[in-house]
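Participant: Each residue of the sequence shown is one higher than the one before, starting from 1 at the first, in the UniProt record's numbering.
For each residue, glycine too, the CB sits at the ideal point set by N, CA and C.
The model shown is predicted, which means the values in this text are computed figures rather than measured ones.
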Amino acid sequence: MGITNTVELANGVKMPQLGFGVWKVEDGEEAVNSVKWAIEAGYRSIDTAAAYRNEEGVGRAIKESGVNREDLFITTKLWNADQGYDSTIEAFHTSLNKLGLDYVDLYLIHWPVAGKFKDTWRAFEQLYREGKIRAIGVCNFQEHHLKELMADAEITPMVNQIELHPHLSQEPLRAFCKANDIIVEAWSPLGNGQLLQDAKLKAIAEKYGKSVAQVIIRWDLQNGIVTIPKSVHQERIIQNADVFDFELSAEDIKVIDGMNQDKRTGPDPDNFNF
Ligand code: A2P
């Protein structure tokens, strides 16, 4: 297993299990540099969103990287204000233009906006059928949101990207997704950086001669979760990809599983107002 390791989505498309997330990465030089460093370090999956306002920088980095488009896996997301059938189609093309691409690998609904996400999904299905997107999915959907969407959907979401880290292990939602062939992807896998000082994780990391970030990323990988740590520092970007020369013991995985506190660092999908 290495950085090119993939998981298979329900439609057969292969998605790298470790990717590079760019939430909070500033457009321009910061986005261009960090994405280029990531690609140089071997990452092939980049996760952005219209709401991050850095699709142009990501697109520039992709072009300048010299890596073939078909060897990259690019994800972007539809922002809440653009939900609805026609506005989704329009917003998708805006993202595509900003990225400078003619297709994306994965397009995600960013949040489950009540009363709108079903129309939005019909547009996703249409864009998917037209071949402009290789896979479609959602973010921040709880089990009840997924059930509501799937009740009318022709295509089941292939991915659910959710906040997931040792303090929010999401076991029930992971089980539901697994049963429905939906791949779970973790956002803020490092708890937005807040978990890096945790004493229990530090003790485990010391044992393996690795960093806490590397231990958490390993925990994701060994649990079959797709993960997209973010950093704007080259040495950390490299470090977060250097996780294929060790393996956590079943015992240590259990210890980390046991750290769950159902504690979010970000908004609650059942109670957000944006
Ligand atoms: P920075 O971008 O300044 O390197 P998450 O992916 O959970 O949202 O966490 C991202 C946060 O963790 C960012 O603040 C990032 O800071 C920090 N971070 C990412 N990788 C590492 C690492 N290997 N060591 C220390 N901090 C890291």
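Could you tell me which residues DSSP puts in a beta bridge with T75?
Facilitator: D47, L106
Participant: Is it the case that the Cβ atoms of V113 and A135 are separated by a distance below 8 Å?
Facilitator: no
Participant: Relative to the alpha-carbon of F272, which residue among H110, I155, M150 has its alpha-carbon at the smallest distance?
Facilitator: H110
Participant: What's the C-alpha gap between A176 and E8?
Facilitator: Residue 176 is actually Phe in this sequence, not Ala. Each residue's Cα considered, the two are about 17 Å apart.
Participant: Who does V58 pair with in a DSSP beta bridge?
Facilitator: Per DSSP, none; premise fails for V58.
Participant: Out of R60, I183, K77, Y103, state which residue places its alpha-carbon closest to the alpha-carbon of T6.
Facilitator: I183
Participant: What do you reckon, is the C-beta of L196 under 7 Å from a heavy atom of the ligand A2P?
Facilitator: The answer is yes for L196.
Participant: From N192, H233, G209, pick the residue whose C-alpha is nearest to that of T227; which is it?
Facilitator: N192
Participant: Give the range of the alpha helix (DSSP H) segment to which K210 is assigned.
Facilitator: Segment: none, K210 is in no alpha helix (DSSP H) and carries neither H nor E.
Participant: Who sits around the ligand A2P, taking every residue whose Cβ is closer than 6 Å to one of its heavy atoms?
Facilitator: Any residue whose Cβ sits closer than 6 Å to a heavy atom of the ligand A2P makes the list: G21, S188, P189, L190, G191, N192, G193, L196, S211, A213, P229, K230, S231, V232, H233, R236, Q239, N240.
Participant: Taking Cβ positions, are N140 and I162 nearer each other than 8 Å?
Facilitator: yes
Participant: Residue range of the alpha helix (DSSP H) that Q126 falls in?
Facilitator: 117–129
Participant: Per DSSP, Q161 forms a beta bridge with which residues?
Facilitator: C139, E185
Participant: Whole-angstrom Cβ separation of V35 and A61, contact assumed at under 8 Å?
Facilitator: About 3 Å separates the beta carbons of V35 and A61, which is inside the 8 Å limit, making them a contact pair.
Participant: Apart from the five residues just before and just after P229, which ones in its own chain have a Cβ nearer than 7 Å to its Cβ?
Facilitator: G21, P189, L190, A213, I217, N240
Participant: Look at the alpha carbon of A153 and the alpha carbon of A123, and state the distance between them as a whole number of angstroms.
Facilitator: 11 Å
Participant: What does D268 pair with, by DSSP beta-bridge criteria?
Facilitator: N271
Participant: How long is the line joining the alpha carbons of S45 and W23, rounded to whole angstroms?
Facilitator: 14 Å
Participant: Between which residues of its own chain and A38 is the CB-CB distance below 6 Å, once the five residues before and five after are set aside?
Facilitator: Excluding sequence neighbours, A38 sits near F20, I237.
Participant: Could you compute how far the alpha carbon of D242 sits from the alpha carbon of D86?
Facilitator: 43 Å
Participant: Exposed or buried, which one is Q83 when buried takes at least 16 other CB atoms within 10 Å?
Facilitator: buried
Participant: From this set, K178, Y128, E247, which residue's C-alpha is nearest I155's C-alpha?
Facilitator: Y128
Participant: Excluding the 5 residues preceding and the 5 following R174 in the sequence, name in chain order all residues of the same chain whose CB lies nearer than 7 Å to its CB.
Facilitator: V184
Participant: Could you tell me the distance, in whole angstroms, from the CA atom of A41 to the CA atom of A186?
Facilitator: 20 Å
Participant: With which residues is E8 paired in a DSSP beta bridge?
Facilitator: K14
Participant: Going by the beta-carbon positions, is the gap between Q142 and D270 smaller than 8 Å?
Facilitator: yes
Participant: How would you label T48, buried or exposed, when you count the other beta carbons within 10 angstroms and need 16 or more for buried?
Facilitator: T48 is classed as buried because its beta carbon has at least 16 other beta carbons within 10 Å across all chains shown.
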